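Peer 1: Quick one: this structure, given as structure tokens, is what I'll be asking you about.
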Amino acid sequence: LINFTTRSFGEMAEWIMMAYGLPYKGKGKVELYDDFVQFMIREYAAGRPVVLIVDEAQKLSAEMLEEIRLLSNLETPTSKLLQIMLVGQPELEEMLQQRELRQLRQRIVLRFRLRPFDADETEHYVQERMRLAGYTGKGVFKRGALRRLHHVTEGIPRLINVVCDGAL
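According to the numbering used here, the sequence shown holds residues 23 to 190 in order.
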């Protein structure tokens, strides 16, 4: 899981290597790439799939997305060595429509868009987040507050989190 984006593929390669617990210090882009390929081959041989999740992918440049696409080219005759999941805001979808990203777009097997929560889902979401955080008491937020929360945030989870965090 890469939680934030970088400006160069060398930086991203270092973050990828660090995420997998692989040595990366003092290595150039080509050596990092080769080491990562060897890692994926070993994992494939051991029957362990390698998945790379890039969060906030809408912040990546077209050039960085193309570098990530090149990683997706690595495959055996029957399967890919790397599964890539790009997670981002709606701007990611817009970015992927750029002409220079058509090859990446062609490799996307599955797309999923989260829709905003309705009022009941917002209430359940807040209660579940509180439960997962370890809260065992009665509802912290009154029903009217949760309805107002839904109205203000339009049911967008990220905004719900921000408003609730501020309220708590």
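Every residue gets a Cβ at the ideal spot worked out from N, C-alpha and C, and that includes glycine.
Keep in mind that this is a model prediction, so the values were computed, not measured.
Please name the residue, chosen from Leu-87, Ile-182 and Met-39, that lies closest to Glu-242 on a Cα-to-Cα basis.
Peer 2: Since the first and last residues shown for the chain are 23 and 190, residue 242 lies out of range.
Peer 1: Going along the chain, which residues of its own chain have a beta-carbon closer than 7 angstroms to the beta-carbon of Gln-111, five neighbours each way excluded?
Peer 2: Gln-80
Peer 1: Quick check on Leu-136: does DSSP put it in helix, strand or coil?
Peer 2: coil
Peer 1: Taking DSSP's pairing of strands, which residues face Glu-97 in a bridge?
Peer 2: Lys-102
Peer 1: Confirm, please, whether the CB-CB distance from Tyr-66 to Leu-93 is below 9 angstroms.
Peer 2: no
Peer 1: Using only the alpha-carbon positions, how far apart do Ala-84 and Arg-153 sit?
Peer 2: 40 angstroms
Peer 1: Going by alpha carbons, who is nearest to Arg-91 out of Glu-116, Phe-163 and Met-107?
Peer 2: Met-107
Peer 1: Taking all protein chains shown into account, do 16 or more other C-beta atoms lie within 10 angstroms of the C-beta of Ala-155, making it buried, or fewer, making it exposed?
Peer 2: exposed
Peer 1: Is His-172 buried or exposed, if buried means 16 or more other CB atoms sit within 10 Å of its CB?
Peer 2: buried
Peer 1: Run the CB neighbour count on Ala-35, radius 10 Å, all protein chains shown included, and call it buried at 16 or more, exposed below.
Peer 2: Result: buried.
Peer 1: Please report the distance separating the alpha-carbon of Gln-149 from that of Ala-189.
Peer 2: 14 angstroms
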